[in-house]
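Numbered according to our numbering, the sequence shown spans residues 6 to 250.
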Amino acid sequence: MSKRQSIRKAIIIGMFFTFPITIAWMSPAMPIIYGFHGIVVGATIMFLVHFFIALFLGRAFCGFACPGGGLGECLMRINDKGLKNTKLRFIKYIIWALLVIATIVSFIWAGGIREVDFFAGLEDGWIFLLAPYRYVIYFGVLLGMLAAQLLLGKRSFCQCGCWVAPFMIIGTKVSDWLKLPRLRLKTNAGSCIGCKQCSKKCPMSLDVQAMVEAENMKNAECILCGECVDVCPKKSISYAFKNNS
């Protein structure tokens, strides 16, 4: 394992241990519940922050800092097989659309935005588990992630069920449309020897070698973790910070 990957995994697994706190700002329910009171909560704000970060860093948050992704990295020791049915990735867009629609409807019901409160719903304290009833929610989420990983393959919840990912995917699309410079992968197909190590190591079950051969590293599911960059014996893949030209 490269030094970069050792550091990345230490960070993202460490972020998983912050989940009892950060889950409140990743909850799909909080924006809707408080939307009916006209309150913009921390989760709503953070979803928008993920969109704006993606304009310049793509989905690097998923690869380096997502608490749920940290759990996915740990569970790869149990099941590191790739996702076979990639059509299941569409499920996260359905979840995202329902979240956005329900949030908009809730604010319309409340007559508009009345207040912005980043800490709304955390009256019991920043640590989500300080309120006993939230144990059911927290461990229910963890159980869902575990079940997805065991049944479907590595980081399958990230690929199929994450409602935050579409915010970042849309951010990358907008970034390309505006021709903004952002973090991305680039390749030199001429040096590729076809060892397929990049595809085997990809936590998002992408056919990276095919992307290299096509000299097109654009993929909505790429989380810029750099596994392919670091495993390639010929250094055919590298990071770049540039626009989509």
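Ideal Cβ positions, reconstructed from N, Cα and C, are used throughout, including at glycine.
Contact between the segment 112 to 129 and the segment 28 to 48 is established, with three or more Cβ pairs separated by less than 8 Å.
By DSSP's assignment, S243 forms a beta bridge with K191. Within a 10 Å sphere around the beta-carbon of P208 sit 16 or more other beta-carbons, which makes this residue buried. Ranked by Cα distance from G63, the options V169, K205 and D235 are led by V169. Taking the C-beta atoms as reference points, C163 is found no nearer than 7 Å to C203. For E78, there is no enclosing beta strand (DSSP E); the residue is part of the alpha helix (DSSP H) that begins and ends at P72 to L80.
A contact is defined here as three or more CB-CB pairs under 8 Å, and the segment 53 to 67 meets this definition with respect to the segment 219 to 239. Contact between A194 and E220 holds, since their C-beta atoms are separated by about 5 Å, short of 8 Å.
Here S241 is buried: its Cβ has 16 or more other Cβ atoms, across all protein chains shown, within 10 Å. Taking C-alpha positions only, Y143 is separated from P72 by approximately 13 Å.
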